[in-house]
Amino acid sequence: MFNDKAILITGGTGSFGQKFVEMLLKRYKPSRVIIFSRDELKQYEMQQRFNQSCMRYFLGDVRDRERIEFATREVDYVVHAAALKQVPAAEYNPMECIRTNIHGAENVTQACVANQVRKVVALSTDKAANPVNLYGATKLASDKLFVAANNIVGKRPTRFSVVRYGNVLGSRGSVVPLFRRLIDEGAESLPVTDPSMTRFWITLQQGVEFVFKSFERMQGGEIFVPKIPSVRIADVATAMAPTLPLKMIGIRPGEKMHETMCPCDDSHVTLEFPDHFVIKPAIRFYSSSMDYTTNALGETGAAVKQGFGYNSGNNPWLLTHEEILALNREAGF
C-alpha cells in the first residue's frame, strides 16, 4: 500500500522511526519518505544510513503548526511518533510534556486535515490507559484528539487511528540496554523497582509490523491494541545475569506496578480479533456510521465480556527466561 506514496514520520529519528524506515524501504518503493524531527545531529546521522533518493529530512517541531502543515503537503500517510516519553522527566517538566504531546498532537491533526492526508496513525502507549502519571495523561489526551479528529474532516478523505502497545525492547529508555551496560561494566547487582512489577513486551520489529497492518485495517477512529506477552522486570534481570543479586530501588515517580492496554471501563467498546483488540470510539461520528466488527481487510471481531480488562499483571502470556533471552538476541542484546 506504500508503493509510489509519500509517507511522513514525526519524530522519525527515534528508535521506532529508524526501524520503520528500514522495514518500509525493504518492502515497498515509496515516492517520498519524510523524516520530520527537531534534532539536526540525529538527522545527519540517519542520513548516513538512509540516503536513498526517496528520503527527505525536514527539521521542525510538532509544536510549530505552520511548520508541520508545510511538511505534510502532498503527503499520503503520516505516522505520528513524536513525543516526550520519559515518565520522571514529564513529572518534573509538565508543561513541556503538554506542549509536545497534546498541543503537538493537535497541530498534527489540523495539518493533516488541511492537506487531506489519506491516513494517519498515531503511536500511543499502555500508560495512556487509566493514567497515573503526566506522560500517560498527555498520551490519553493525544489519543482522544486523534480519534475525535475523524469528526472534523467533513468530506475530506483523511482518517485517523491510534496504535497502543507496551514497552519496546531495546528502545531508548528500555531496561534491557541498561541491564546490558551494567553487566558489561561489571556491576555487582542489577537495580529492580519491585520484584512483582510487570510490563507488556514487544520488539521494535513487531511494533512496526503492527503499525503496517493497522494502516491496512483502519477505517478511522479505532485504537488498535496487539496481543503481546507480559514480562516480570525481575525475570528480565535474572535471565540476563543469573548470578547477580537484584537491588530493589522502589517505584519511580509516576510508575505503576502493572500496565493496562484495554481498561475495564472501556469493555463496552472493546472488540477482540484473533491477534489484536480494537477499542471503538466512544463518540459517534456525524459523517458516517462505522461497523468496526469488520475491518478494512475483512477480518471480523466480537465484543468482549463486560468488565474485561487487558492488563500486564493478569495476562496469561508471561515470558519465560528462555523466551526473554531469545527476544533479546532478536533485538541485538
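All residue numbers for the sequence shown refer to this note's numbering, where the first residue is 63 and numbers rise by one. All C-beta atoms in this analysis are idealised placements derived from N, C-alpha and C, irrespective of residue type, glycine included. Just so we're clear, the structure is a prediction, and the values are computed from it rather than from any experiment.
Just to confirm, are residue i and residue j a CB contact at a threshold of 8 Å?
i           : j           : result
residue 206 : residue 198 : no
residue 483 : residue 264 : The structure shown does not extend to residue 483, since the chain is modelled only from 63 to 395, so the question has no answer here.
residue 120 : residue 167 : no
residue 277 : residue 181 : yes
residue 237 : residue 318 : no
residue 234 : residue 280 : no
residue 138 : residue 69  : yes
residue 226 : residue 169 : no
residue 371 : residue 325 : yes
residue 341 : residue 285 : yes
residue 315 : residue 153 : yes
residue 374 : residue 261 : yes
residue 293 : residue 387 : no
residue 257 : residue 311 : no
residue 248 : residue 323 : no
residue 329 : residue 283 : no
residue 160 : residue 200 : yes
residue 96  : residue 75  : no
residue 395 : residue 218 : no
residue 18  : residue 266 : With the chain covering 63 to 395 only, the question about residue 18 has no answer from this structure.
residue 7   : residue 80  : Absent from the structure is residue 7, since the part of the chain shown begins at 63 and ends at 395.
residue 345 : residue 191 : no
What residues match up with residue i in a beta bridge as DSSP calls it?
i           : result
residue 68  : 94
residue 221 : 181
residue 388 : Its beta-bridge partners do not exist; DSSP assigns none.
residue 370 : In the DSSP output, where bridge partners are listed per residue, residue 370 has none listed.
residue 362 : 356
residue 341 : 285, 332
residue 380 : 292
Counting only beta-carbon separations shorter than 8 Å, does residue i have a partner in chain D?
i           : result
residue 226 : The question asks about chain D, but that chain is absent: this structure has only one protein chain.
Tell me the rounded alpha-carbon separation between residue i and residue j.
i           : j           : result
residue 176 : residue 165 : 17 Å
residue 132 : residue 88  : 28 Å
residue 123 : residue 134 : 13 Å
residue 303 : residue 214 : 52 Å
residue 353 : residue 251 : 53 Å
residue 269 : residue 306 : 31 Å
residue 130 : residue 173 : 6 Å
residue 184 : residue 202 : 12 Å
residue 391 : residue 140 : 31 Å
residue 273 : residue 117 : 20 Å
residue 255 : residue 299 : 11 Å
residue 321 : residue 83  : 28 Å
residue 151 : residue 196 : 10 Å
residue 271 : residue 351 : 28 Å
residue 355 : residue 347 : 16 Å
residue 162 : residue 171 : 13 Å
residue 327 : residue 125 : 32 Å
residue 86  : residue 110 : 17 Å
residue 73  : residue 112 : 15 Å
residue 313 : residue 91  : 45 Å
residue 383 : residue 308 : 15 Å
residue 156 : residue 275 : 33 Å
residue 376 : residue 259 : 12 Å
residue 212 : residue 297 : 42 Å
residue 332 : residue 366 : 6 Å
residue 301 : residue 216 : 53 Å
residue 393 : residue 66  : 30 Å
residue 379 : residue 114 : 40 Å
residue 363 : residue 343 : 15 Å
residue 359 : residue 385 : 31 Å
residue 361 : residue 389 : 28 Å
residue 179 : residue 94  : 14 Å
task: Could I get the ranges of all uninterrupted beta strand (DSSP E) runs contained in the region 100-185, with 3 residues as the minimum, in chain order?
output: If we require 3 residues or more, the beta strand (DSSP E) runs fully inside the region 100-185 come out as 117-121, 139-142, 181-185.
message: I'd like to know if the region 143-163 and the region 102-117 are in contact, where contact means that at least 3 CB-CB pairs between them fall below 8 Å.
response: no
- prompt: Okay, do the region 287-305 and the region 325-341 touch, 3+ Cβ pairs below 8 Å being the bar?
  reply: yes
- prompt: Which runs of the alpha helix (DSSP H) spanning at least 4 residues fall entirely within the region 258-337, listed in chain order?
  reply: 266-279, 295-302
- prompt: Taking only runs of the beta strand (DSSP E) that begin and end inside the region 184-256, which ones reach a length of at least 3 residues, in chain order?
  reply: 221-225, 229-231, 252-254
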